[in-house]
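Novice:
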Amino acid sequence: MGVADPAAIATPEAISPLREAWTVYRRNVPAVFGTLLLVAIILFVLYGTFIYKGDPYEIVWAPQTPPGTEATVPLGTDNLGRDILRGLLKGGGPTLAVGAAAAIITLVIGISLGGVAGYFGGWIDDLLMRVTEFFQVLPALLFAMVVITLFSPSTITTAIAIGVVLWPQTARLTRAEFLKIRELEYVTAARSIGARNGRIMWKVILPNALPPLIVSATLTVGVAILFQAGLSFLGLDDPNTMSWGLMIGTNRQYILDAWWPVTFPGIAIFLTVFAVSLVGDGLNDAFNPKLRER
Amino acid sequence: MGPTAYIARRLAYGVILLIGVLVLNFFLIHAAPGDPAETIAGAMGGATARMLADIRSAYGLDKPLLTQLAIYLGRVAHGDLGMSYYFNQPVIDLIAARVGPTILLVLAAQVIAITAGVAMGVFAARKPSGPLSAFVAVLSTVGYAAPVFWTGIMLVILFASIIPIFPVEGMTSARFSGGFVAHIGDVLYHLALPAFTLAIIFLAQYSRLSRASMIDVLGADYVRTARAKGLSETKVVFKHALRNAVLPIITVAGIQFGNLISGALLVESVFNWPGMGRLAFDSVLRRDYPTLLGILFFAALMVVVANLLTDLSYRFADPRIRTGGR
Amino acid sequence: MNVGTPEPLLSIRGLKVEFSTRHGKVTALDGIDLDLMPGETLGVVGESGCGKSITALATMGLIPDPPGRIAGGHVLFDGEDITRADPRRLRSLRGADISMIFQEPMTSLNPVFTAGDQIAEAIMLHQSAGKAEADRMAVELLRTVGIPEPERRSRSYPHELSGGMRQRVMIAMAISCRPRILIADEPTTALDVTVQAQIFDLMRDIQRQFSVAIMLITHDMGAIAEMADRVAVMYAGRIVEKGTADEILDHPLHPYTRGLIGCIPVLGKEAGEEGRMPPLAEIPGIVPPLHLLGRGCAFADRCPLAFDRCRAESPALEGGAHKVACFAAEMEAA
Numbered sequence: 386m387g388v389a390d391p392a393a394i395a396t397p398e399a400i401s402p403l404r405e406a407w408t409v410y411r412r413n414v415p416a417v418f419g420t421l422l423l424v425a426i427i428l429f430v431l432y433g434t435f436i437y438k439g440d441p442y443e444i445v446w447a448p449q450t451p452p453g454t455e456a457t458v459p460l461g462t463d464n465l466g467r468d469i470l471r472g473l474l475k476g477g478g479p480t481l482a483v484g485a486a487a488a489i490i491t492l493v494i495g496i497s498l499g500g501v502a503g504y505f506g507g508w509i510d511d512l513l514m515r516v517t518e519f520f521q522v523l524p525a526l527l528f529a530m531v532v533i534t535l536f537s538p539s540t541i542t543t544a545i546a547i548g549v550v551l552w553p554q555t556a557r558l559t560r561a562e563f564l565k566i567r568e569l570e571y572v573t574a575a576r577s578i579g580a581r582n583g584r585i586m587w588k589v590i591l592p593n594a595l596p597p598l599i600v601s602a603t604l605t606v607g608v609a610i611l612f613q614a615g616l617s618f619l620g621l622d623d624p625n626t627m628s629w630g631l632m633i634g635t636n637r638q639y640i641l642d643a644w645w646p647v648t649f650p651g652i653a654i655f656l657t658v659f660a661v662s663l664v665g666d667g668l669n670d671a672f673n674p675k676l677r678e679r
Numbered sequence: 281m282g283p284t285a286y287i288a289r290r291l292a293y294g295v296i297l298l299i300g301v302l303v304l305n306f307f308l309i310h311a312a313p314g315d316p317a318e319t320i321a322g323a324m325g326g327a328t329a330r331m332l333a334d335i336r337s338a339y340g341l342d343k344p345l346l347t348q349l350a351i352y353l354g355r356v357a358h359g360d361l362g363m364s365y366y367f368n369q370p371v372i373d374l375i376a377a378r379v380g381p382t383i384l385l386v387l388a389a390q391v392i393a394i395t396a397g398v399a400m401g402v403f404a405a406r407k408p409s410g411p412l413s414a415f416v417a418v419l420s421t422v423g424y425a426a427p428v429f430w431t432g433i434m435l436v437i438l439f440a441s442i443i444p445i446f447p448v449e450g451m452t453s454a455r456f457s458g459g460f461v462a463h464i465g466d467v468l469y470h471l472a473l474p475a476f477t478l479a480i481i482f483l484a485q486y487s488r489l490s491r492a493s494m495i496d497v498l499g500a501d502y503v504r505t506a507r508a509k510g511l512s513e514t515k516v517v518f519k520h521a522l523r524n525a526v527l528p529i530i531t532v533a534g535i536q537f538g539n540l541i542s543g544a545l546l547v548e549s550v551f552n553w554p555g556m557g558r559l560a561f562d563s564v565l566r567r568d569y570p571t572l573l574g575i576l577f578f579a580a581l582m583v584v585v586a587n588l589l590t591d592l593s594y595r596f597a598d599p600r601i602r603t604g605g606r
Numbered sequence: 020m021n022v023g024t025p026e027p028l029l030s031i032r033g034l035k036v037e038f039s040t041r042h043g044k045v046t047a048l049d050g051i052d053l054d055l056m057p058g059e060t061l062g063v064v065g066e067s068g069c070g071k072s073i074t075a076l077a078t079m080g081l082i083p084d085p086p087g088r089i090a091g092g093h094v095l096f097d098g099e100d101i102t103r104a105d106p107r108r109l110r111s112l113r114g115a116d117i118s119m120i121f122q123e124p125m126t127s128l129n130p131v132f133t134a135g136d137q138i139a140e141a142i143m144l145h146q147s148a149g150k151a152e153a154d155r156m157a158v159e160l161l162r163t164v165g166i167p168e169p170e171r172r173s174r175s176y177p178h179e180l181s182g183g184m185r186q187r188v189m190i191a192m193a194i195s196c197r198p199r200i201l202i203a204d205e206p207t208t209a210l211d212v213t214v215q216a217q218i219f220d221l222m223r224d225i226q227r228q229f230s231v232a233i234m235l236i237t238h239d240m241g242a243i244a245e246m247a248d249r250v251a252v253m254y255a256g257r258i259v260e261k262g263t264a265d266e267i268l269d270h271p272l273h274p275y276t277r278g279l280i281g282c283i284p285v286l287g288k289e290a291g292e293e294g295r296m297p298p299l300a301e302i303p304g305i306v307p308p309l310h311l312l313g314r315g316c317a318f319a320d321r322c323p324l325a326f327d328r329c330r331a332e333s334p335a336l337e338g339g340a341h342k343v344a345c346f347a348a349e350m351e352a353a
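Put into structure tokens, the structure is as follows:
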């Protein structure tokens, strides 16, 4: 309607898109907060065990010691008398590692299939999209449960299972981006100088499709962490690998006697995914400045 | 394309997807390490030689792979999803007894999430920088980040010991006497917490989406036209704008059905809700593959049906799709 | 009351509208004076961004607030100040006494309701008619605006209609309650040339039949030549020239008006008549962003005749019946 048109004319500045994105990101308070929170959590998980040493499975104090009552177990103990803080420090590693690994698997499958579908189009696109729709019909968590049950539970199986169920969304997004970009002039130019399909797809189109894929990858890490937590909560992850979800799962029967053994690991998962999603939202805003008005 | 032809085409497509799920199930059993007969019997160890022989002949495991697949599909077509050797019951009976509560839980959560989410989104959109908008932004991030099973446990703690107004376990009261209506009331009473827990994640998404969609639509030319007609603001927002703003919500709500079922598995576990989630969990622990794969098939069936209904309601809501053109 | 000059139906006096933007507060309309006489067609012409659409929205009481705000002046409809009217009174005027058709017939109709329903809605609202009667009247209106098979078309959704038909539906909706003022904001811009002519014919018919006063907002001097009795030329939130259509088209005084006339593709006015500036084939530059306006004449940067004074102070709208706000034109006249 042109009401605000005259005022909306932005002053053009010649700066690179990445730098511009960084400038926008830096000024986004929630995104910066999320980044700092995420860095703090990673440092906590990576180096915390060097400062606060000890085996998380060891029974160190009376069972169900409330937090803040004993200096040796600051966050209290669980139903067996194991130190909750030790569990949080040790359990963060697998949780984050599985989240990251599953996200990478998701990206590899999703980008390959989506990229091929979007680039070649035609029957290849039709076929791959039907396959993608097929996988979207299977409820992801249930499918992951089936995969883990068929192959023995381990951290690697969990990561693969999560990756295998989460890729369809990435594939659809990649396809849409490739479809859009393959029509652009620089792609035609690359084709006209005889570049091979593989080169055009991965060296010309993919770098330009990266911004939305990076955002999606970030959010996928969050979802993967939630999946890992859910699976280990159900007891489907390797029972000998401490993780936040497992801590909740093994203590859930006693919640009415002791709230803290399930509350702290839950807060840890929540804060991690919360930080990841703030980063993802921040990246999204940074790559799409126009959407920021929302 | 007329509505009948459209529905027929969608139905056929759904059937093909479901056959795909069965084929996948079949290959999953064969891809698992070890003897398929033992996989089917369950790796609990107790399978006798007699049981294994029965399974081999029932599934035709000594025949070529494709013949086995044909036998498997043929059995499913006759409503036979196999036998659960752990429960010693046909899988179809096990699922039939538990599918109702799961559907009830999923639908209740979806209704709560859509109603509350759209209502919040609409009111937030009226003031894009107001307090409700800020709340929607926070809720959408928090709702996404909180693990649903943990939210459920926190609510159990809250409602079991601090404000005990809702039951935190099961679907019916143990010592219950009363008529049919009272029974329904009792079930709904037990449904409140699980449904709300499951709804939170989706409510967060729908409120954010409907806020964005409503802001978009409120800026549309036809909303200006409606105002220029002299319509009251209520009519402009709730008749002209909302009808258009819910269109993307319908699409997303359809896509979310699979995720709702995934979430329901966890929520059922937290609240001891007697649905398919509990059955899935038990069959995983007992390595009861026929039951687990039967559940996967039924869950896919629910998603396919939900997608079909979503498509039909979208066609009903958007005349541009209905009359084929854009 | 003077018998020779009838009272204006709509009288805009010193209207000032401000918008808050991220560049701070900008003045979108700066002291607009306009009169619309009963039954006449007033053309309001200018490039996009000059404030003509905002003038229309202010007349409808539809300035989006926030970010917009009427900062001063009056809009008198039949002596009643619209800027002071409460929302309920405004709604009873809108669509009933003053109605509007918009530039984009593609997007101005609600895609999820039928054409007939959208017309009937206005009738039910303002004329206390029942649904069945409103539907019947809607079909009659569709017939009036020249839509073939009106019964069938009233059940069509907007996407099933062509652009020209949609604009006819918009016109049917606008005249459904026999308004006294019809504001047409670029009614033909989105349509192709043959359809444009048909829509103008229809508007003239409607004007004759319903004796409605039309405020035609356009950037197209061709449309002005076709339709307008009197013309106001707007630039950067001000009126820079005002007069009868003949005066403006035959003797434009403001260099901007001459530029706009120069943009008419086939008007057959010989260029370079004596005492006249050669018309500009195209006005160089764009309307300046409102937040960048300085003290001088807003057109100075694009004006071939601008001199020092134009950049230092802003000319006022002066003259008798044919008014102009331009120092160069004043000197030329002197």
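Chains as they are written, first to last, in my numbering: chain A, 386 to 679; chain B, 281 to 606; chain C, 20 to 353.
Note that beta-carbon positions come from the ideal geometry of N, C-alpha and C, so glycine has one too.
All values derive from a computational prediction rather than experimental measurement.
Specify the secondary structure class of glycine 478 of chain A as computed by DSSP and reduced to three states.
Specialist: Three-state DSSP puts glycine 478 of chain A in a helix.
Novice: Measuring alpha carbon to alpha carbon, tell me which of C:Met350, C:Ala264 and C:Ile258 ends up nearest glycine 70 of chain C.
Specialist: Ranking C:Met350, C:Ala264 and C:Ile258 by Cα distance to glycine 70 of chain C puts C:Ile258 first.
Novice: To the nearest angstrom, how far is the alpha carbon of valine 63 of chain C from that of leucine 522 of chain B?
Specialist: Each residue's Cα considered, the two are about 34 Å apart.
Novice: In whole angstroms, what separates the C-alpha of glutamate 140 of chain C from that of isoleucine 433 of chain B?
Specialist: Answer to the nearest angstrom: the Cα atoms are 51 Å apart.
Novice: Measuring CB to CB, does proline 124 of chain C end up less than 8 Å from glycine 165 of chain C?
Specialist: No. Outside cutoff.
Novice: Measure the CB-CB distance between threonine 237 of chain C and glutamate 260 of chain C and report whether it falls below 8 Å.
Specialist: No, the pair does not count as a contact, with Cβ atoms beyond the cut-off.
Novice: Could you confirm whether any beta carbon from chain B is found closer than 8 Å to the beta carbon of arginine 275 of chain C?
Specialist: Checking the sequence, you will find tyrosine at residue 275 of chain C rather than arginine. Judged by the 8 Å Cβ criterion, tyrosine 275 of chain C is not in contact with chain B.
Novice: Run the CB neighbour count on alanine 506 of chain B, radius 10 Å, all protein chains shown included, and call it buried at 16 or more, exposed below.
Specialist: Buried is the call here.
Novice: Using the Cβ count rule (16 or more neighbours within 10 Å means buried), how would you classify asparagine 582 of chain A?
Specialist: Exposed, by the Cβ-count rule.
Novice: Residues in its own chain within less than 7 Å of glycine 287 of chain C by CB, not counting five upstream and five downstream?
Specialist: Its pLDDT being 40, under 50, glycine 287 of chain C is placed unreliably in this model, and the value from its coordinates should be taken loosely. Correct list: empty, nothing qualifies.
Novice: Any contact between the segment 416 to 428 of chain A and the segment 656 to 664 of chain A? By contact I mean 3 or more CB pairs, one from each, below 8 Å.
Specialist: Yes, they touch.
Novice: DSSP three-state call for methionine 234 of chain C: helix, strand or coil?
Specialist: Residue state, collapsed to three classes: strand.
Novice: Is it true that the CB of glycine 50 of chain C sits closer than 8 Å to the CB of glycine 33 of chain C?
Specialist: Going by C-beta atoms, glycine 33 of chain C is nearer than 8 Å to glycine 50 of chain C.
Novice: At which residues does the beta strand (DSSP E) containing arginine 249 of chain C begin and terminate?
Specialist: Its beta strand (DSSP E) spans residues 249 to 254.
Novice: Within this structure, are the beta carbons of phenylalanine 551 of chain B and leucine 489 of chain B separated by less than 8 Å?
Specialist: No.
Novice: Could you please give the first and the last residue of the uninterrupted beta strand (DSSP E) stretch that includes glutamate 37 of chain C?
Specialist: Taken as a continuous stretch (DSSP letters only), the beta strand (DSSP E) holding glutamate 37 of chain C covers 29 to 40.
Novice: When you compare the segment 612 to 624 of chain A with the segment 424 to 433 of chain B, are there three or more beta-carbon pairs, one atom per stretch, that lie closer than 8 Å?
Specialist: The segment 612 to 624 of chain A is in contact with the segment 424 to 433 of chain B.
Novice: Determine, for proline 271 of chain C, whether the minimum Cβ-Cβ distance to residues of chain B falls below 8 Å.
Specialist: False, the Cβ-Cβ gap to chain B never drops below 8 Å.
Novice: What does arginine 637 of chain A touch in chain B if you count any residue whose Cβ is under 7 Å from its own?
Specialist: Chain B residues near arginine 637 of chain A: Ile433.
Novice: Identify the residues that DSSP records as bridge partners of glutamine 369 of chain B: which are they?
Specialist: Glutamine 369 of chain B is bridged to B:Ser364.
Novice: Using a Cβ-Cβ cutoff of 7 Å, what residues of the segment 510 to 532 of chain B are near chain A? List them in chain order.
Specialist: Under the 7 Å Cβ criterion, the segment 510 to 532 of chain B contributes no residue.
Novice: Could you tell me which chain B residues have their CB closer than 7 Å to the CB of isoleucine 640 of chain A, listed as they occur along the chain?
Specialist: Those are Ile433, Val436 and Ile437, listed as they occur along chain B.
Novice: Could you tell me how far apart the beta carbons of phenylalanine 460 of chain B and valine 448 of chain B are, in whole angstroms, since I believe they sit closer than 8 Å?
Specialist: Contact doesn't hold; Cβ gap of about 25 Å is too wide.
Novice: Skipping 5 residues on each side, what residues in its chain have a beta carbon closer than 8 Å to that of asparagine 636 of chain A?
Specialist: Within the same chain, asparagine 636 of chain A has close Cβ partners Asp463, Asn464, Ala643, Pro646 and Val647.
Novice: Taking 8 Å as the CB-CB limit, is tyrosine 469 of chain B close to chain C?
Specialist: It does not; no Cβ of chain C falls within 8 Å.
Novice: Restricting to Cα atoms, I'd like to know which of C:Pro25, C:Arg197, C:Val45 and C:His270 is closest to arginine 227 of chain C.
Specialist: Of the candidates C:Pro25, C:Arg197, C:Val45 and C:His270, the one whose C-alpha sits nearest the C-alpha of arginine 227 of chain C is C:Arg197.
Novice: Classify methionine 400 of chain B: buried if its beta carbon has 16 or more other beta carbons within 10 angstroms, exposed otherwise.
Specialist: With 16 or more other Cβ atoms within 10 Å, it is buried.
Novice: Locate the beta strand (DSSP E) running through methionine 434 of chain B, then write down its first and last residues.
Specialist: Where methionine 434 of chain B is concerned, there is no enclosing beta strand (DSSP E), although the alpha helix (DSSP H) it sits in stretches over 428 to 437.
Novice: Enumerated in chain order, which unbroken segments of the alpha helix (DSSP H) with a length of 4 residues or greater are wholly contained in the segment 123 to 157 of chain C?
Specialist: DSSP runs (the alpha helix (DSSP H)) wholly in the segment 123 to 157 of chain C: 124 to 127 and 134 to 146.
Novice: Which residue marks the beginning of the beta strand (DSSP E) containing glutamate 260 of chain C, and which one marks its end?
Specialist: Its beta strand (DSSP E) spans residues 257 to 263.
Novice: Can you check whether the C-beta of glycine 114 of chain C is within less than 8 Å of a C-beta belonging to chain B?
Specialist: With 8 Å as the cut-off, glycine 114 of chain C counts as an interface residue toward chain B.
Novice: Taking DSSP as the reference, what is the three-state secondary structure of valine 589 of chain A?
Specialist: Helix.
Novice: Hey, would you say tyrosine 254 of chain C sits closer than 8 Å to phenylalanine 326 of chain C, going by beta carbons?
Specialist: No. Outside cutoff.
Novice: Since isoleucine 335 of chain B is in the alpha helix (DSSP H), which residue starts that stretch and which ends it?
Specialist: Per DSSP, isoleucine 335 of chain B belongs to the alpha helix (DSSP H) from 329 to 339.
Novice: Who are glycine 87 of chain C's beta bridge partners in DSSP?
Specialist: The partner list for glycine 87 of chain C (beta bridge, DSSP) reads C:Phe38.
Novice: On the three-pair Cβ rule with 8 Å, is the segment 434 to 453 of chain A touching the segment 498 to 511 of chain A?
Specialist: The segment 434 to 453 of chain A, when compared against the segment 498 to 511 of chain A, does not touch it at the 8 Å Cβ threshold.
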